[in-house]
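Enquirer: The structure is given below, and queries will be raised subsequently.
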Amino acid sequence: MDGKKTNKKDTNVILYPGLVKRLIEKGMDALKAKDATAAYNHFLTAEQYEPDHPQVRFGKVLSLVELGRLEEAVTHTSALLNEGIGEYYDNLQVHISLLVQLGHYQEVVDMLEAVLSENNVPAQFAESFYQLLHFSRQMIDDSVLLANIDDETMNESQDDEQSVIQEISNDLKSGSIEIQWKALQVLKDRPYNDALEVLVTYIEDSQKDLLLRSFALEILHTKNYHAEVYIKKSTKEQKVIPSQLKAVNEQPFAVEVKEALQDSLEHKDPLLKEMAEQIGGLHLFAWYPFIPTPENASLWAAVYHLLASERLGLDESISEIADLYSTDDEALEKRAREVAKLEEKVFEAYTHFMQ
């Protein structure tokens, strides 16, 4: 450690004044030019001379993010917070954003609950932190739900298969969304080919939850079901052969929407992009195998961007987002309200037991 300090001192004597400032400028220019490797090297060099310089340390984090080295980046944001280098809440926001991108939702919840309990978070950060806390809690609950398959049913290996299938059929007729969900999970994970007709009946019932019917259709797809299935959602209806369908995230329209969000947000705000993709993914899954009207990927990308921005408490106007995606303000606002209304109507029971 002493050797490092001596080397730093000797080097500073030799090198010209303003070197670190110039390295920071070159690093930022490289980031703007999308040359993350060069940027990282500039900040790394600057760090040798001023290891505690906030811009140097923060620039290194940005470079690592651009390089896709998120795990490494989050160790550096953690160090910035622990060492008190730079603006605390700016560093915290980036740190939380990285944790969300990495799926470390429990860590986000633990950290934000502690920070927000102190009741002294600046107003410009508070709303965003509350939104991120809510989002992370939902993601945790969703993961727990996916893992919480009805163990009793799964472990009843000695039961007659037909009696289990009958029980599943009864569960799918239940008024409880949670019971229906667990029944679908059992069918997804067990080779009950005789039960596939039960799924067909469930899918063809237009009164059932849109998301769960999509999930049931996806199960038929994964089990290579070749017969026709009639499905109606809102004003759209058709007969489909599940084995011939693409998964929702592989549909050309969904890919186009995701690409539009990536082009607009990947380098600007990765957290906003992720939340917009989450909102869009659920909405498109609710419509599966159909595509929402109008079939305009840029418009729907703008819709998901707007809703995500609102939920993160960001200060973006409808016109700004509409311009970004070359779409119409009025159409954007109208479709955003439609998605929000659909969430209230369709997902209310589905999300009730996840909160």
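Once you know that position 243 of the sequence shown is 267 in the numbering used here, the rest is easy, because the numbers rise by one and skip nothing.
C-beta: ideal position from N, C-alpha, C; glycine also.
Would you call the CB atoms of P266 and L234 closer than 8 angstroms?
Expert: The residue you call residue 266 lines up with position 242 of the sequence shown. The residue you call residue 234 lines up with position 210 of the sequence shown. Going by C-beta atoms, P266 is not nearer than 8 angstroms to L234.
Enquirer: Count the other C-beta atoms from every protein chain shown that fall within 10 angstroms of the C-beta of A209, then say buried if there are 16 or more, exposed otherwise.
Expert: By 1-based counting over the sequence shown, the position of residue 209 is 185. It is Gln, not Ala, that sits at residue 209 in the sequence shown. Classification for Q209: buried.
Enquirer: Along the chain, where does the beta strand (DSSP E) containing Q262 start, and where does it finish?
Expert: By 1-based counting over the sequence shown, the position of residue 262 is 238. Residues K260 to V264.
Enquirer: Mind checking whether M299 and A332 have CB atoms under 8 angstroms apart?
Expert: On the sequence shown, position 275 is the one that residue 299 refers to. On the sequence shown, position 308 is the one that residue 332 refers to. In this structure, A332 lies closer than 8 angstroms to M299 by Cβ.
Enquirer: Decide yes or no for the touch test of the stretch 253-272 against the stretch 311-321: beta carbon pairs closer than 8 angstroms, at least 3 of them.
Expert: The stretch 253-272 vs the stretch 311-321: in contact.
Enquirer: Measuring CA to CA, which of V132, E74 and A147 is closest to D339?
Expert: In the sequence shown, residue 339 corresponds to position 315, counting from 1. For the residues V132, E74 and A147, the minimum Cα distance to D339 belongs to A147.
Enquirer: Expressed to the nearest angstrom, what Euclidean distance is found between the alpha-carbon atoms of L285 and E185?
Expert: Your numbering for residue 285 matches position 261 in the sequence shown. Your numbering for residue 185 matches position 161 in the sequence shown. Cα to Cα, the separation comes out at about 46 angstroms.
Enquirer: Hey, S7 and K256 are a contact pair by Cβ (cut 8 angstroms); roughly how many whole angstroms apart?
Expert: Nothing about residue 7 can be reported from this structure: the residues present for the chain run from 25 to 379 only.
Enquirer: Quick one: Cα of A60 to Cα of D352, how far?
Expert: Looking up residue 60 in the sequence shown gives position 36. Looking up residue 352 in the sequence shown gives position 328. Computed Cα separation, rounded: 35 angstroms.
Enquirer: Would you decide whether Y254 is buried or exposed? Buried here means 16 or more other CB atoms lie within 10 Å of its CB.
Expert: The residue you call residue 254 lines up with position 230 of the sequence shown. Label assigned to Y254: exposed.
Enquirer: I'd like the ranges of any alpha helix (DSSP H) spanning at least 4 consecutive residues and lying wholly in the stretch 195-269.
Expert: Taken in chain order, the complete alpha helix (DSSP H) segments of 4 or more residues contained in the stretch 195-269 are 201-213, 220-227 and 234-246.
Enquirer: Assuming V222 and I189 are in contact, meaning their beta carbons sit under 8 angstroms apart, how far apart are those beta carbons, in whole angstroms?
Expert: Looking up residue 222 in the sequence shown gives position 198. Looking up residue 189 in the sequence shown gives position 165. With a beta-carbon spacing of about 7 angstroms, V222 and I189 fall inside the 8 angstroms limit used to define contacts.
Enquirer: Looking only at C-alpha atoms, which of L123, T99, L43 and I109 sits nearest to P294?
Expert: Numbered from 1 along the sequence shown, position 270 holds the residue referred to as residue 294. Measuring from the Cα of P294, the nearest candidate turns out to be L123.
Enquirer: Please classify D195: is it buried, with 16 or more other beta-carbons within 10 angstroms of its beta-carbon, or exposed?
Expert: For the purposes of this step, residue 195 is taken as residue 171 along the sequence shown, with counting starting at 1. Counting every other CB atom within 10 Å of its CB across the protein chains shown gives D195 a total of 16 or more, marking it as buried.
Enquirer: Between F82, S87, I164 and F149, which lies nearest to N65 when the distance is taken from Cα to Cα?
Expert: The residue given as residue 65 occupies position 41 in the sequence shown. Comparing Cα positions, the closest option is S87.
Enquirer: Does the Cβ-Cβ distance between E252 and K260 come in under 8 angstroms?
Expert: In the sequence shown, residue 252 corresponds to position 228, counting from 1. In the sequence shown, residue 260 corresponds to position 236, counting from 1. No, these two residues do not count as a Cβ contact at 8 angstroms.
Enquirer: Taking L140 as the reference, give the member of V279, L126 and Q155 with the closest Cα.
Expert: Here residue 140 corresponds to residue number 116 of the sequence shown, with the count starting at 1. If we check each option's Cα against that of L140, Q155 comes out closest.
Enquirer: Does Y349 come out as helix, strand or coil in the three-state DSSP assignment?
Expert: As a working mapping, residue 349 is identified with position 325 in the sequence shown. Coil, per DSSP.
Enquirer: Go ahead and label A207 buried or exposed: buried means 16 or more other beta carbons lie within 10 angstroms of its beta carbon, across all protein chains shown.
Expert: As a position in the sequence shown, residue 207 is number 183, starting the count at 1. Under this definition A207 is a buried residue.
Enquirer: To the nearest angstrom, how far is the alpha carbon of T375 from that of H100?
Expert: To locate residue 375, count along the sequence shown from 1; it is residue 351. To locate residue 100, count along the sequence shown from 1; it is residue 76. Residue placement at T375 is poorly supported in this model, since its pLDDT is 43, which falls under 50; the coordinates are not used for a value here.
Enquirer: In the DSSP assignment, find the unbroken alpha helix (DSSP H) run with V272 in it and report its ends.
Expert: Within the sequence shown, the letter at position 248 stands for residue 272. That residue, V272, is in no alpha helix (DSSP H); it is neither H nor E in DSSP.
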